[in-house]
Amino acid sequence: MKINFDHEELRKKYNPEGSAVREAQLRMLDILVYISELCENNGLRYWLAGGTLLGAYRHAGFIPWDDDLDIEMPLEDMIKLKKIMLENPSKDYIFQDHSTDPYYFYSYSKIRDTHSLCESDSPDERFFKYKGVWVDIFPLEEHSIKMQKLSFYTNSYGRRFLVYSKFPLLRFLALTRYYLNYKLLFPTLRFIAHLLPSSKGCYNKTLGCEYFYSQKKCDIFPLSKISFEGLVFNAPCNPEKALTSFYGPDFMCLPSEQNRTTHQINVKYIENINEEKV
Numbered sequence: 002m003k004i005n006f007d008h009e010e011l012r013k014k015y016n017p018e019g020s021a022v023r024e025a026q027l028r029m030l031d032i033l034v035y036i037s038e039l040c041e042n043n044g045l046r047y048w049l050a051g052g053t054l055l056g057a058y059r060h061a062g063f064i065p066w067d068d069d070l071d072i073e074m075p076l077e078d079m080i081k082l083k084k085i086m087l088e089n090p091s092k093d094y095i096f097q098d099h100s101t102d103p104y105y106f107y108s109y110s111k112i113r114d115t116h117s118l119c120e121s122d123s124p125d126e127r128f129f130k131y132k133g134v135w136v137d138i139f140p141l142e143e144h145s146i147k148m149q150k151l152s153f154y155t156n157s158y159g160r161r162f163l164v165y166s167k168f169p170l171l172r173f174l175a176l177t178r179y180y181l182n183y184k185l186l187f188p189t190l191r192f193i194a195h196l197l198p199s200s201k202g203c204y205n206k207t208l209g210c211e212y213f214y215s216q217k218k219c220d221i222f223p224l225s226k227i228s229f230e231g232l233v234f235n236a237p238c239n240p241e242k243a244l245t246s247f248y249g250p251d252f253m254c255l256p257s258e259q260n261r262t263t264h265q266i267n268v269k270y271i272e273n274i275n276e277e278k279v
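Structure follows, in structure tokens:
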């Protein structure tokens, strides 16, 4: 499926060189290169996902108005990646999840750039320890959609108190509930999932995540390669299937101009940050 549009005109309009969007995209690209090298050197599997995969397939790079970068990994590979990063700390990048940042409550993880600061009015991020430009890592597991929904609704109830409450006690209780989910509830659900034949052969987002859709492992592996911003990264072996499942059969068509939304990006870049502040 080929749709003709002028890539250069889109870039000039939405993310010209030197613009805030483009600067953030290039910093994300640096993070992706770092992740890719770590994974390749340690036998870990990752691939471009979501809008990043769509951008690679349709634009050979970022969707011009996109302001984030997504990859997916099997949960066990992401755990290994985290271990490698914690044992070999970088002055440029930090692994962010609920264990490295107590007030980070998303079920997926981020790798943050330590030489930048994203200013945001979002209540979701006001307590975060790390706030640099980031790449989202969505870990995948074998379990049912029903189990994922149960885990998400259990998680989101506590998250609402954590984010919006002005009372420290309520935030503490929400944090405690969140901690118990990850230490007790989710391991129990994983154990049950491994006993159910209906959970085999398909990936879903990790427990607690708000995205509910399945991917057959045979549509992901063996991984293929795809061009993105002049570099080559991993992609599912059947990217068309992944994109059709998520965006519909017309994924190659551009959205209407009013739906080409970019968040307001306000990033401070601090190139000479002291190592003790990282």
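Residue numbering for the sequence shown follows my numbering, beginning at 2 and increasing consecutively.
No residue lacks a Cβ here, since even glycine has one placed at the ideal position from N, Cα and C.
* Asked: Considering Ala243, what are the terminal residues of the alpha helix (DSSP H) in which it resides?
  -> Start at 1 with the first residue of the sequence shown, and residue 243 comes out as number 242. Looking at the DSSP string, the run of the alpha helix (DSSP H) that includes Ala243 is Pro240 to Tyr248.
* On the three-state DSSP scale, how would you describe Ala21? -> One-based indexing of the sequence shown puts residue 21 at position 20. Residue state, collapsed to three classes: helix.
* Could you tell me if the beta carbon of Asn260 falls within a distance shorter than 6 Å of some heavy atom in the ligand ATP? => This structure lacks the ligand ATP, and indeed carries no ligand of any kind.
* Burial state of Pro169 (16 or more Cβ within 10 Å) -> On the sequence shown, residue 169 is found 168 positions in, with the first residue counted as 1. Pro169 should be labelled exposed.
* To do: Report yes or no: do three or more beta-carbon pairs, one from the stretch 36-55 and one from the stretch 71-86, lie closer than 8 Å?
  => yes
* To do: Answer yes or no: do Gly133 and Asp102 have a C-beta to C-beta separation smaller than 7 Å?
  => Counting from 1 along the sequence shown, the entry for residue 133 is found at position 132. Counting from 1 along the sequence shown, the entry for residue 102 is found at position 101. The answer is no: Cβ separation not under 7 Å.
* Is the distance from the Cβ of Thr202 to the Cβ of Lys218 below 7 Å? -> Counting from one through the sequence shown, the residue named residue 202 turns up at place 201. Counting from one through the sequence shown, the residue named residue 218 turns up at place 217. It should be noted that the sequence gives Gly, not Thr, for residue 202. Closer than 7 Å, so yes.
* Where Leu181 falls: helix, strand or coil (DSSP) -> Taking the first residue of the sequence shown as 1, we reach residue 181 at position 180. In this structure, Leu181 counts as helix in the three-state DSSP scheme.
* Asked: Where does the unbroken alpha helix (DSSP H) through Pro188 begin, and where does it stop?
  -> By 1-based counting over the sequence shown, the position of residue 188 is 187. Here the alpha helix (DSSP H) through Pro188 covers Phe187 to Leu196.
* DSSP on Asp7, reduced to helix/strand/coil? -> Here residue 7 is taken as the residue at index 6 of the sequence shown, counted from 1. Here Asp7 sits in coil by DSSP.
* **Beta-carbon proximity of Ile112 to Tyr94, cut-off 7 Å** => The residue labelled residue 112 in the question sits at position 111 within the sequence shown. The residue labelled residue 94 in the question sits at position 93 within the sequence shown. Cβ distance < 7 Å, so Ile112 and Tyr94 count as in contact.
* In terms of residue numbering, what span does the beta strand (DSSP E) encompassing Tyr270 cover? -> Within the sequence shown, numbered from 1, the residue matching residue 270 stands at position 269. Taken as a continuous stretch (DSSP letters only), the beta strand (DSSP E) holding Tyr270 covers Val268 to Tyr270.
* To do: From the DSSP output, in three-state form, read off Tyr204 for me.
  => Indexing the sequence shown from 1 puts residue 204 at position 203. Looking at Tyr204 - three-state DSSP - the assignment turns out to be strand.
* Buried versus exposed call for Ser110 [16 or more other C-beta atoms within 10 Å across all chains shown] -> In the sequence shown, residue 110 corresponds to position 109, counting from 1. So Ser110 counts as buried.
* Report buried or exposed for Phe252, applying the criterion of at least 16 other Cβ atoms within 10 angstroms of its Cβ. => Taking the sequence shown and counting its residues from 1, the one referred to as residue 252 is at position 251. When all chains shown are included, Phe252 counts as buried.
* Beta-bridge pairing of Arg261 - partner residues as DSSP gives them -> Within the sequence shown, the letter at position 260 stands for residue 261. Partner(s): none; Arg261 has no beta bridge.
* If you scan the stretch 70-94 from start to end, which runs of the beta strand (DSSP E) of 3 or more residues do you find wholly inside it? -> 71-75
* Among Ile266, Glu120 and Gly231, which has the Cα closest to the Cα of Gly56? -> Mapped onto the sequence shown, residue 56 falls at position 55. Per the Cα distances, Gly231.
* Asked: From what residue to what residue does the alpha helix (DSSP H) around Arg59 run?
  -> Residue mapping note: residue 59 aligns to position 58 of the sequence shown, counting from 1. Its alpha helix (DSSP H) spans residues Gly51 to His60.
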